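One structure below.
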Amino acid sequence: MKILRNLLGTVAITGILATGAMADNHGWSLKKAAEPYAGTTIDVVFLLRPGYEAIEAMLPAFEEETGIKVNIIKHPYENALGEQVRDFVAGGDLDIALIDLVWIGNFAENDWIIPLADVQAKFPDAVDPDLDIDDFFPLVLNAFGGWNDTLYGLPFDNYSGLMFYNRCILEEAGFDGPPETWQQLKDEYGPALTKDGKYAFALQSKRNETQSADSFARMLWPFGGSFLDADFKSNLNSDESQTGLKFRQDLMQYMPDGIVAYDHAETVNAFSQGDVAMITEWSAFYSSVVSPDTSKVADCVEIAPEPTGPAGRKPALGGFSLAVAAQADEAEQAAAYLFIQWATSKANAREYLERGGVPARQSVYKEDGLEDYKFVPALVESWQEGVPEFRPRFAEWPEITEIVQEWGTKMMLGEVTTEEGAQEIGTRMEEVLEAAGYYSGEKPLAQ
Amino acid sequence: MRGQVPRRTIFAFIGPAVLGLAMVGIAPLLYAVWTSLHFYNLTKLKRVEFIGADNYLTVLTDEVFWQAMGRTFFLLGTALPLQIALGLGIALVLHQPGLTLVKTLARLSLVLPMATTYAVVGLLGQVMFNQKFGVVNQLLGGVDVNWIGDPNNAFAMIIFWDVWQWTPFVALVLLAGLTMVPGEVEEAARLETKSTWTILRYVQLPFLLPGLVAVLILRTADTLKLFDMVFTLTRGGPGSSTEFISLMIQRVGFRGFDQGLASAQAIILLIITIVLAQIYIRVFHKEV
Numbered sequence: 372m373k374i375l376r377n378l379l380g381t382v383a384i385t386g387i388l389a390t391g392a393m394a395d396n397h398g399w400s401l402k403k404a405a406e407p408y409a410g411t412t413i414d415v416v417f418l419l420r421p422g423y424e425a426i427e428a429m430l431p432a433f434e435e436e437t438g439i440k441v442n443i444i445k446h447p448y449e450n451a452l453g454e455q456v457r458d459f460v461a462g463g464d465l466d467i468a469l470i471d472l473v474w475i476g477n478f479a480e481n482d483w484i485i486p487l488a489d490v491q492a493k494f495p496d497a498v499d500p501d502l503d504i505d506d507f508f509p510l511v512l513n514a515f516g517g518w519n520d521t522l523y524g525l526p527f528d529n530y531s532g533l534m535f536y537n538r539c540i541l542e543e544a545g546f547d548g549p550p551e552t553w554q555q556l557k558d559e560y561g562p563a564l565t566k567d568g569k570y571a572f573a574l575q576s577k578r579n580e581t582q583s584a585d586s587f588a589r590m591l592w593p594f595g596g597s598f599l600d601a602d603f604k605s606n607l608n609s610d611e612s613q614t615g616l617k618f619r620q621d622l623m624q625y626m627p628d629g630i631v632a633y634d635h636a637e638t639v640n641a642f643s644q645g646d647v648a649m650i651t652e653w654s655a656f657y658s659s660v661v662s663p664d665t666s667k668v669a670d671c672v673e674i675a676p677e678p679t680g681p682a683g684r685k686p687a688l689g690g691f692s693l694a695v696a697a698q699a700d701e702a703e704q705a706a707a708y709l710f711i712q713w714a715t716s717k718a719n720a721r722e723y724l725e726r727g728g729v730p731a732r733q734s735v736y737k738e739d740g741l742e743d744y745k746f747v748p749a750l751v752e753s754w755q756e757g758v759p760e761f762r763p764r765f766a767e768w769p770e771i772t773e774i775v776q777e778w779g780t781k782m783m784l785g786e787v788t789t790e791e792g793a794q795e796i797g798t799r800m801e802e803v804l805e806a807a808g809y810y811s812g813e814k815p816l817a818q
Numbered sequence: 053m054r055g056q057v058p059r060r061t062i063f064a065f066i067g068p069a070v071l072g073l074a075m076v077g078i079a080p081l082l083y084a085v086w087t088s089l090h091f092y093n094l095t096k097l098k099r100v101e102f103i104g105a106d107n108y109l110t111v112l113t114d115e116v117f118w119q120a121m122g123r124t125f126f127l128l129g130t131a132l133p134l135q136i137a138l139g140l141g142i143a144l145v146l147h148q149p150g151l152t153l154v155k156t157l158a159r160l161s162l163v164l165p166m167a168t169t170y171a172v173v174g175l176l177g178q179v180m181f182n183q184k185f186g187v188v189n190q191l192l193g194g195v196d197v198n199w200i201g202d203p204n205n206a207f208a209m210i211i212f213w214d215v216w217q218w219t220p221f222v223a224l225v226l227l228a229g230l231t232m233v234p235g236e237v238e239e240a241a242r243l244e245t246k247s248t249w250t251i252l253r254y255v256q257l258p259f260l261l262p263g264l265v266a267v268l269i270l271r272t273a274d275t276l277k278l279f280d281m282v283f284t285l286t287r288g289g290p291g292s293s294t295e296f297i298s299l300m301i302q303r304v305g306f307r308g309f310d311q312g313l314a315s316a317q318a319i320i321l322l323i324i325t326i327v328l329a330q331i332y333i334r335v336f337h338k339e340v
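Keeping their order, the protein sequence lines are chains H and R. My numbering applies: residue 372 is where the first sequence begins, and numbers increase by one. My numbering applies: residue 53 is where the second sequence begins, and numbers increase by one.
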């Protein structure tokens, strides 16, 4: 059944793209496609991050051309899921869902969002013949916008974990470049760069999604570990996972005190103030650390891919897609689709990049004149080696991440050993999965 | 007299208040009881089902819930005595005769911490207790204390802010109690003894007790539902060191979306609050 559905989906998309190609011959334009929906207002949640400011700055052009008004509701990341869940449960006003890659299972299984193929079939005149789905990085498109082989959203605010390093500090200490491996970072760079109140490295580990995504998961994958094994049982007490978690404990000696209270802002600030020589952060923070307005070390900032571990590079993967909300009415759905298509389009990718966003379009990174964007080579490399299930993307993640956040922090504080913490997370995680019906066969193993 | 007032008039006066209370207080409470008896997760509404007392059993056997409860009572047990001791001291000073203008200004300034929004207190705390740039470490001679990232220091910081914000409230309530002591009785007592303690214990304390009971009940309820300040300041961390019971309920209900379990936690918390209030009233009113 699933195969049949996927096949039909693929056929539908191909058909629509073919229709799009025909439309191209008939002179498709955004203005014309939006004519029936002029005057429609669409509501969307945005985060307080550079990629959103970039698209907001570009928005007047879209509104002017289409007559569609985009009403932006801003939330910090930590509130964005709750606000959207409440809105969708209550049948609220949101017409577009902003979906972190770990939320997509949740949104899709609750039918809060509509598969892209369905939207395109419903509004064929709105489909841009130049949409070019294949131009998105496949890993990003699949991880951010796809669920169970169905595409729901288009990648909008796209991240890969990168290593940001302070070239000046490293050179002063006699290093030609950043560490290639995590082991080098700990054994060579750590002792040499941690002195006089300065630290070699900071790993953002605050007890929220940062703890589970940026800290805990980041140390699992490069060492060969993972959250779950093939049977969906906890893999956190495997040798590989434990090696990674113990490595994190060892690495803490080269991080600032109180690293468990560091969120992205504190980590980026510490780096920008020159107090920390290296951080592994999302590509989205690039524009902040290279701006002299927000960074004392702007001239010294260099970017590299995250270090490798015994299992390879396995950098952190995160980001958001935009999908049409099922609760929106017909006109709003069409208008929402037009906005999503425009915001993620090839045509706008360059401007989005120049304004501080990180597009997921392969074509834009092949253009000339990107030398100033030092993160591009590392980003492209990372998106070719990333792990889509860096954090499991199923609907139960909101419950599981809370468990990881609690016990992951306890490990870092030394309140429990890595084995005890892993055991506790594993037991609680399996209880959640059991209740969800994964072990009884009621639900298929998601990934 | 009451019989002369038409029943319709009584309903007209009381009715709106009762209706308002029912809508904003009783209906949500009944709904919380209903959800607490169901598997009710906002992200799994297709699977809502009656599960009896399962949520309550989960809460009562959940070590993490009782740890959060213990932490909350530890906060109450440390912050409240400090607030009462400092508040009583301030009230006694302001009760002294003379310096009217200074005392008036002092009374006015006492209102400021109470008038500050909880969430703002938390945000102020984040800045003031910042390890590197915070004014607190500067005032302490440029020390390098990690307030927010260390579990013990973070807890101490929460106690500090709670005491800062609510000592003035205690002081004003106790000052009101002191003004209730008849002047001639206090004067006569001062002629009998020079011991401030004796006057406080035998003359002033009986008048302070009603206020103290009110302080105990209000501060206990406030501490049990303490949320905004801690959420903006530490978000319950580092680890679980400042995860008080209200933060835990919010986490379960609005970050894990398990409204059924969170409702069961809230109902248990409500029961504990009511029992404590009853104990306070019985114990202290006996002494009066």
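Glycine included, every Cβ here is placed at the ideal spot set by N, Cα and C. Just so you know, these numbers come straight off a predicted model, no measurement behind them.
Neighbour-count burial assignment, residue i, 16 or more Cβ in a 10 Å radius
i, result
"R/V335", "exposed"
"R/M75", "exposed"
"H/N640", "buried"
"H/D395", "Low confidence applies here, because H/D395 scores a pLDDT of 46, under 50, leaving its location unreliable and the question unanswered by this model."
"R/G193", "exposed"
"R/S161", "exposed"
"H/S654", "buried"
"H/K402", "exposed"
"R/F126", "exposed"
"R/L132", "buried"
"H/P815", "exposed"
"R/Y83", "exposed"
"R/M166", "exposed"
"R/I320", "buried"
Minimum Cβ-Cβ distance from residue i to chain R less than 7 Å
i, result
"H/A632", "yes"
"H/T798", "no"
"H/T638", "no"
"H/E773", "yes"
"H/E725", "no"
"H/L784", "yes"
"H/E770", "yes"
"H/T780", "yes"
"H/D466", "no"
Beta-bridge partners of residue i, as assigned by DSSP
i, result
"H/N442", "H/D414"
"H/W653", "H/G532"
"H/I484", "H/A696"
"H/F819", "Not covered by the structure: residue 819 of chain H. The range shown for chain H is 372 to 818."
"H/S605", "H/L599"
"H/Y736", "Per DSSP, none; premise fails for H/Y736."
"H/E673", "H/Y536"
"R/E101", "R/F91"
"R/W213", "Paired residue(s): none; R/W213 is not in a bridge."
C-beta neighbour in chain H for residue i, strict 7 Å
i, result
"R/N198", "yes"
"R/P220", "no"
"R/G308", "yes"
Neighbour list for residue i in chain H, Cβ cutoff strictly below 8 Å
i, result
"R/T245", "Residues of chain H passing the Cβ test: none, with the nearest at roughly 53 Å."
"R/R303", "E773"
Listed by chain order, chain R residues near residue i by CB distance under 8 Å
i, result
"H/G792", "Ordered by position in chain R, no residue passes the 8 Å Cβ test against H/G792, which lies about 11 Å from the chain."
Proximal chain R residues relative to residue i, where beta-carbon distance stays under 7 Å
i, result
"H/A766", "T95"
"H/V460", "L94, L97"
"H/V456", "L94, T95, F309"
"H/G453", "F306, R307"
"H/E777", "S292"
"H/N481", "T95"
"H/N477", "T95"
Neighbouring residues, chain R, relative to residue i (Cβ below 9 Å)
i, result
"H/K577", "R287, G289, P290"
"H/P815", "Correct list: empty, because the minimum Cβ distance to chain R is about 16 Å."
"H/D628", "Q183, D196, N198, G201, D202"
For the pair the region 288 to 295 of chain R and the region 760 to 780 of chain H, tell me if three or more CB-CB distances fall below 8 Å. yes
Inspect the CB distances between the region 253 to 271 of chain R and the region 179 to 192 of chain R and report whether three or more fall short of 8 Å. no
If we count Cβ pairs, one from each stretch, closer than 8 Å, do we get three or more for the region 697 to 711 of chain H versus the region 472 to 486 of chain H? yes
Could you tell me whether the region 743 to 756 of chain H touches the region 544 to 560 of chain H, where touching means 3 or more Cβ pairs closer than 8 Å? no
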